[in-house]
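**Q** One structure coming up, written as C-alpha cells, with questions to follow.
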Amino acid sequence: MREFVVEADGGSRGNPGPAGYGAVVSDAATGETLAEAAEFIGVATNNVAEYRGLLAGLRAARELDPEARVHVRMDSKLVVEQMSGRWKIKHPAMKPLAAEAATVFPPGQVTYEWIPRERNTHADRLANEAMDAGSRGEPWSPTTSRAALDTPRATPAAPLPEGPPGDATAGAARVRAAMAPRPGAAAPGGTGPAGTARGRGAEDASGEDASGEGPLAERGAADTHGGRAAGPSGDGTSGDGTSGAAPTGRASGRRPAEHAAAEDDRAAGASGEGPAVGTGDGAGASAVSRPATDTPARDVGTDADGPGGALAADADRRAAQAVATPSSGWAPADMGAPATFVLLRHGETPLTPQKRFSGSGGSDPSLSGIGREQAERTAAALARRGTVQAVVASPLARTRETAGIVAARLGLDVTVEDGLRETDFGAWEGLTFGEVRERYPEDLDAWLASPDAEPTGGGESFAATAARVAQARDKLLAEYRGRTVLLVTHVTPVKTLIRLALGAPPEALFRMELSAASLSAVAYYADGNASVRLFNDTSHLRPSY
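With the first letter of the sequence shown counted as 1, position 1 gets the number 3 in our numbering; the numbers rise by one all the way through.
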C-alpha cells in the first residue's frame, strides 16, 4: 500500500479577511512531490482557510490513490487536534469542513501530526501565492508557482566523507554524519523562525479558538502566522529528534509498506535473453550453486510505485531517515533532493523465450510483438504515475525501441547513453546456457567463479561491465540532480546498479531475477547514499480485468 504525506496551510489577511490555502502531496517513501493545490477563497478566517487547505490536500491524495495511507502534517494545532478527535469542534463554520475532511478517506487511513511553521514552508508559500493572486483578481496558477523553488533547504550539519555516489559502504557513514545534531538547533521550549510574512491575525480568544475546541492553557501562546510564537507544547524536541511539538496521531516507527509480490509464472531466466544463471539479458537465480541447470528457482520481487520529481526539504529529511534507520520513522537530517533512476529492462525479443545470451556483441535484435505490447503497457503505467522527467536508453535496438514507445507516451525525448549497453558475451552470443556448457565448459566455469573472467572469444567481464555502468551512473547523477530519470537498459546494467546500491558482492548478480519490461528504482542522495526502492516489478504487465 502506498503512503502519502499531505502538508497543508491556510491564511487570512485580517482574520477574517482575504484568505487562501495551499496543500502539497508527497510520496512518504521518497519525498517526491506528487501534487500541489492552492486557491484564493475570498473573505474567511485563518481556521476556515486551514481546513480548506486540508480538504484540498486530502482530495488530491485520493485522486492519486484512494487506497493509500495518508499522514497529514500541519502547523495548525487546532486542526490537528480536532481532526485527531482530541478537541471538540463547536464553531459552525468549521464543523461541516471537518466532517467533509473525515469522509475523504475511510476511518483509520489518515493520521495527523502538528509541526512548527518553519517545517511547513512549501504549503505556506502556496497559500501566500493564492492570496497574492486573489489581490490581483487572478486565480492561482501552478505554471507560475515558485513555492517549491523558493522553499529553503538546509545544509548537512557535518562535512561528508569523500567517495563516489551510489555505493553503500560509504553511504551509511555519510548518513550518520548528515544526521548529527545541527549547531544552533532550537532548544526545547524555544521558538522557530517567523517564516514568510502573511499578515494573518492571531487565533486567540477573540477568534475561533475561543469556541471551546481546546483550552488556551493547553495550546500555549497565540498561534499566529506573522511571526509565530511557540507552539502548544513549545517548539521542543520530539522523540525522533526533530525540533517541534511531539507528533500527534501517528504511531512511531511506522514506515511505508513494501508489499512483496510474486513475479511471472515463468521460472527465473525464462523471460531473459541471457542464460538462466542470471547474466546477460535474462538473469535468473544462483548459477553458482546450480551450474549445470538452465532452470533456476523463482524469486520474489517487491511491488511498489516508482518515485521522482521536485522535493521539499522536509520530504528529503523523511526519505533520508528511511534510508538510514528504517525502524525509527522521520528525522531532521537533510540529504538534499535525490536523483531517482527508474530502471526499465527492455521488452522481449525473439531470443527472450529461448533464453539465449544476447549482449552488445551479437545480432542486436529488435522487440517482438510481445515486447512491443510490454513496452506499451509500461508506457501507460508510467504515464499514470506522472513522475518521469527524462528518458535515457542504451544504444542497442531493443532498448531504443522500448524507450521510444515510452517516451512518445510521456511526451519526452530519448537520450542515448553508451555506458548502459549490455555486456558483450563474445562467442557465447546467441547460444543457450546449455550450449555454452557443452562447447566451452572450462571458460564457463571460470566465468561463474570470477567477475574478472571474460566469456570465450574476448567478451566483456562482469568487472569491466560494472566499471562502465558505474561511470555512466556518476555521469547521469551529475546531469540529473534531483530529477526522476527512466533508464531503459538491460539485465546486467540493472542488476549492477542494484548491487552497487546495496553494497552486495559481484556474485549477487547470479541471485536476482529480472523479467522483461520489469521496473526497478534506486534513489541517489547528495550525501552519496543510495536507497533501492523497487525491484523487478511486473504488475503493470498484468491484465487489468
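All C-beta atoms in this analysis are idealised placements derived from N, C-alpha and C, irrespective of residue type, glycine included.
1. Kindly examine the ligand HEM and report whether one of its heavy atoms sits closer than 6 Å to the Cβ of Leu99.
2. Exposed or buried, what is Arg513 when buried is set at 16 or more other beta-carbons lying within 10 Å of its beta-carbon?
3. What distance in whole Å lies between the Cβ atoms of Glu378 and Pro495, which are believed to be in contact at a cut-off of 8 Å?
4. Roughly how many angstroms lie between the CA atoms of Glu400 and Pro367, to the nearest whole one?
5. Please confirm if the region 345-365 is in contact with the region 429-436, defined as three or more CB-CB distances below 8 Å between the two stretches.
6. Which of the three DSSP states, helix, strand or coil, is assigned to Arg15?
7. For the alpha helix (DSSP H) that Thr404 lies in, which residues bound it at each end?
8. Using 8 Å for Cβ pairs, my map puts Ala383 next to His124. What's the rounded Cβ distance?
9. According to DSSP, is Met85 part of a helix, a strand, or is it coil?
10. If we ignore side chains and look at the alpha-carbon of each, how far apart do Met76 and Ala51 end up?
11. Buried or exposed: Met133, going by 16 or more other Cβ atoms within 10 Å of its Cβ?
12. What three-state label does DSSP hand Ser137 in the structure shown?
13. Keeping to the same chain, check which residues put their C-beta closer than 8 Å to that of Ala103; ignore five residues upstream and five downstream.
14. Are the region 389-398 and the region 528-536 touching by the rule of at least three beta carbon pairs closer than 8 Å?
15. DSSP on Leu488, reduced to helix/strand/coil?
16. Should Glu69 be labelled buried (16 or more other beta-carbon atoms within 10 Å of its own) or exposed?
17. Pull up the distance between the alpha-carbon of Gly136 and that of Arg501, whole angstroms please.
18. Does DSSP put Arg544 in a helix, a strand or coil?
19. Confirm, please, whether the CB-CB distance from Ala10 to Ala25 is below 7 Å.
20. Quick one: grab the DSSP three-state call for Ile43.
21. Which value, in whole angstroms, describes the spacing of the CA atoms of Thr486 and Pro453?
22. Going by beta carbon distance, what residues of the same chain come within less than 8 Å of Phe6, once the five residues before and after it are set aside?
23. How many Å lie between Ala468 and Ala506 at the Cα?
24. Looking at the secondary structure, which residues open and close the beta strand (DSSP E) in which Pro449 lies?
25. For Ala472, which option in Ala395, Leu499, Glu481, Pro94 has the closest C-alpha, if you only look at C-alpha atoms?
26. Compute the Euclidean distance between the alpha carbons of Ile91 and Asp476, then round it to the nearest angstrom.
27. List the residues that DSSP assigns as beta-bridge partners of Met76.
28. Rounded to the nearest angstrom, what separates Ala525 and Val408 at their Cα positions?
29. Return the bridge partner residues of Phe343 from the DSSP annotation.
30. Give the straight-line distance between the Cα atoms of Ala523 and Gly44, rounded to the nearest whole angstrom.
31. In three-state DSSP terms, what is Gly203?
32. Leaving out five residues before and five after Ala465 in sequence, what residues of the same chain have Cβ atoms less than 8 Å from its Cβ?
33. In terms of DSSP beta bridges, what is Tyr23 paired with?
34. In angstroms, rounded to a whole number, what distance separates the CA positions of Pro20 and Val112?
35. Do you know offhand how far Val106's Cα is from Leu99's?
36. By the DSSP assignment, the alpha helix (DSSP H) with Phe464 in it spans what residues?
**A** According to the structure data:
1. As far as ligands go, the structure on display features none, and thus does not contain the ligand HEM.
2. The residue you call residue 513 lines up with position 511 of the sequence shown. Burial call: buried.
3. Position 493 of the sequence shown holds residue 495. Position 376 of the sequence shown holds residue 378. Contact doesn't hold; Cβ gap of about 23 Å is too wide.
4. Mapped onto the sequence shown, residue 400 falls at position 398. Mapped onto the sequence shown, residue 367 falls at position 365. Here residue 400 turns out to be Arg, not Glu, going by the sequence shown. It is roughly 6 Å from the alpha-carbon of Arg400 to the alpha-carbon of Pro367.
5. Touching, yes, given that three or more Cβ pairs across the two stretches are closer than 8 Å.
6. As a first step, residue 15 is located in the sequence shown; it is residue number 13 there, counting from the start. The answer is coil: DSSP assigns Arg15 none of H, G, I, E or B.
7. Counting from one through the sequence shown, the residue named residue 404 turns up at place 402. Annotation for Thr404: the continuous alpha helix (DSSP H) segment containing it runs 399-412.
8. Within the sequence shown, the letter at position 381 stands for residue 383. Within the sequence shown, the letter at position 122 stands for residue 124. Incorrect: roughly 28 Å between the Cβ atoms, too far for contact.
9. Here residue 85 refers to the residue found at position 83 when the sequence shown is read from its first residue. Met85 falls in the helix class under three-state DSSP.
10. Here the question's residue 76 lines up with position 74 in the sequence shown. Here the question's residue 51 lines up with position 49 in the sequence shown. Approximately 12 Å between the Cα atoms of the pair.
11. Numbered from 1 along the sequence shown, position 131 holds the residue referred to as residue 133. Residue environment analysis places Met133 among the buried positions, since at least 16 neighbouring C-beta atoms fall within 10 angstroms of its C-beta.
12. As a working note, residue 137 is residue 135 in the sequence shown. Residue state for Ser137 is assigned as helix, using DSSP reduced to three classes.
13. As a working mapping, residue 103 is identified with position 101 in the sequence shown. So the list reads Tyr53, Leu56, Leu57, Leu60, Met85, once near-sequence residues are dropped.
14. Counting Cβ pairs under 8 Å, fewer than three are found: no touch.
15. Within the sequence shown, numbered from 1, the residue matching residue 488 stands at position 486. Strand.
16. Within the sequence shown, residue 69 is the residue found at index 67, counting from 1. Flag for Glu69 reads exposed.
17. Numbered from its first residue, the sequence shown carries residue 136 at position 134. Numbered from its first residue, the sequence shown carries residue 501 at position 499. Those two C-alpha atoms are separated by around 52 Å.
18. Position 542 of the sequence shown, counting from 1, holds the residue named residue 544. Correct three-state label for Arg544: coil.
19. Here residue 25 corresponds to residue number 23 of the sequence shown, with the count starting at 1. Here residue 10 corresponds to residue number 8 of the sequence shown, with the count starting at 1. Yes.
20. The sequence position of residue 43 within the sequence shown is 41, counting from 1. Of the three classes helix, strand and coil, the one that applies to Ile43 here is strand, per DSSP.
21. What you label residue 486 is simply residue 484 of the sequence shown in a count that begins at 1. What you label residue 453 is simply residue 451 of the sequence shown in a count that begins at 1. Taking the Cα positions, Thr486 is about 31 Å away from Pro453.
22. Here the question's residue 6 lines up with position 4 in the sequence shown. Listed in chain order, the non-local C-beta contacts of Phe6 below 8 Å within the same chain comprise Val27, Ser28, Asp29, Ala30, Leu36, Ala63, Leu66, Asp67, Ala70, Arg71, Val72, His73, local neighbours out to five positions each way being set aside.
23. The residue labelled residue 468 in the question sits at position 466 within the sequence shown. The residue labelled residue 506 in the question sits at position 504 within the sequence shown. The alpha-carbon atoms of Ala468 and Ala506 are separated by roughly 12 Å.
24. Walking along the sequence shown from the start, residue 449 turns up at place 447. The identity of residue 449 in the sequence shown is Trp, whereas the question assumes Pro. Per DSSP, Trp449 belongs to no beta strand (DSSP E); it is in the alpha helix (DSSP H), 443-451.
25. Start at 1 with the first residue of the sequence shown, and residue 472 comes out as number 470. The candidate whose alpha carbon is nearest that of Ala472 is Leu499.
26. Locating residue 91 in the sequence shown gives position 89, where the first residue counts as 1. Locating residue 476 in the sequence shown gives position 474, where the first residue counts as 1. So the two alpha carbons sit approximately 54 Å from each other.
27. Sequence index remark: in the sequence shown, residue 76 carries index 74 (1-based). In the DSSP output, where bridge partners are listed per residue, Met76 has Ala10, Trp116.
28. By one-based count along the sequence shown, residue 525 stands at place 523. By one-based count along the sequence shown, residue 408 stands at place 406. Taking the straight line joining both Cα atoms gives about 21 Å.
29. By one-based count along the sequence shown, residue 343 stands at place 341. Bridge partners of Phe343: Val487, Val524.
30. Residue numbering aside, residue 523 sits at position 521 when the sequence shown is read from its first letter. Residue numbering aside, residue 44 sits at position 42 when the sequence shown is read from its first letter. Take the alpha-carbon of Ala523 and the one of Gly44: they are about 43 Å apart.
31. Numbered from its first residue, the sequence shown carries residue 203 at position 201. Any reading at Gly203 is ruled out, since the residue's pLDDT is 37, under 50, leaving its predicted position unreliable.
32. The sequence position of residue 465 within the sequence shown is 463, counting from 1. Within the same chain, Ala465 has close Cβ partners Pro453, Asp454, Pro508.
33. The sequence position of residue 23 within the sequence shown is 21, counting from 1. Answer by DSSP bridge pairing, in chain order: Gly12, Glu41.
34. Taking the sequence shown and counting its residues from 1, the one referred to as residue 20 is at position 18. Taking the sequence shown and counting its residues from 1, the one referred to as residue 112 is at position 110. Annotation: Pro20 to Val112 spans about 30 Å, alpha carbon to alpha carbon.
35. What you label residue 106 is simply residue 104 of the sequence shown in a count that begins at 1. What you label residue 99 is simply residue 97 of the sequence shown in a count that begins at 1. If you draw a straight line from the Cα of Val106 to the Cα of Leu99, it comes to about 11 Å.
36. Position 462 of the sequence shown, counted from the first residue, corresponds to residue 464. Unbroken alpha helix (DSSP H) run through Phe464: 464-481.
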